[in-house]
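Numbering (full-length UniProt numbering), first residue to last: 1 to 219. Every residue, glycine too, gets a C-beta built ideally from N, C-alpha and C. Just so we're clear, the structure is a prediction, and the values are computed from it rather than from any experiment.
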Amino acid sequence: IVSDVQSSLESGISACKSEECKQKYLRAFKNLALEDTIPTLLKYAINGTKKTSVAAMKAIRALPVAMWDDTVKKAAERIYFQVGRRYDSSSRTLSLDILLESSPSKALLRDLLLSLTSTDPAYEVKQYLVQRLRQLGERDLLLNNTVREIVREEKMLNTYHIQAQRGLTTAFTRSFLNHPSLNGSLVSIQEVSSGLLKRGIVDIVIDRAGQSQEIFSVS
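Structure follows, in structure tokens:
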């Protein structure tokens, strides 16, 4: 049955004449959450219009981390660094989520951090990167130490101008439950554009025996 649904969606999106139609099908792909749909999602993420690209990236972002293979990561790099064309800020921040949450190498982290020194006018995207690095670094000691090491090595990063990016975008985690058997956290990510909230996520996450499970999410 699942394969029949996938085939139906593949046929449907191929027949779409409007961007609204494509975005509707991409939302259905997100709900389906199948690894086999990644090639289709990447096609629309990379080549689609801005809104269609965002819809495709949301579907990819919603997949389990284990499904983010090298092809997905390379596409995420292409979108964040805007190789070949400009992308919507939400496509870029969703790409950042994928890159930062899939054990990035030191070389990739260096490139991401150095992007803060660019003349890119999308300052909220830069603020998003800073906020997410701080948020993830609170629970990932290796990531935090690697970022600190890169900042020490790249002197241009260790300045107020770079560390204190302008923008209202925020990302933070707050603990609400501490127990010997489990911990609970509220995870909030708010992407702002031109002073207005563009994308917001609030997750309730339970950690038990080293495993995290999202039990409630609002976006």
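- Here D88 is buried, its C-beta having at least 16 other C-beta atoms within 10 Å.
- A122 and P180 have their C-alpha atoms spaced approximately 43 Å apart.
- Boundaries of the beta strand (DSSP E) harbouring R199: 196 to 208, taken from the DSSP string.
- Bounds of the alpha helix (DSSP H) holding Q6 are 2 to 15.
- Nearest in C-alpha terms to I204, of all of I215, T119, S103, K126, is I215.
- The residue among K24, L114, L133, S217 with its C-alpha nearest the C-alpha of K51 is K24.
- Contact annotation: the segment 87 to 102 does not touch the segment 155 to 162, with fewer than three C-beta pairs closer than 8 Å.
- Residue range 89 to 100 is occupied by the alpha helix (DSSP H) that includes S90.
- Rounded to whole angstroms, the gap between the alpha carbons of E101 and Q135 is 11 Å.
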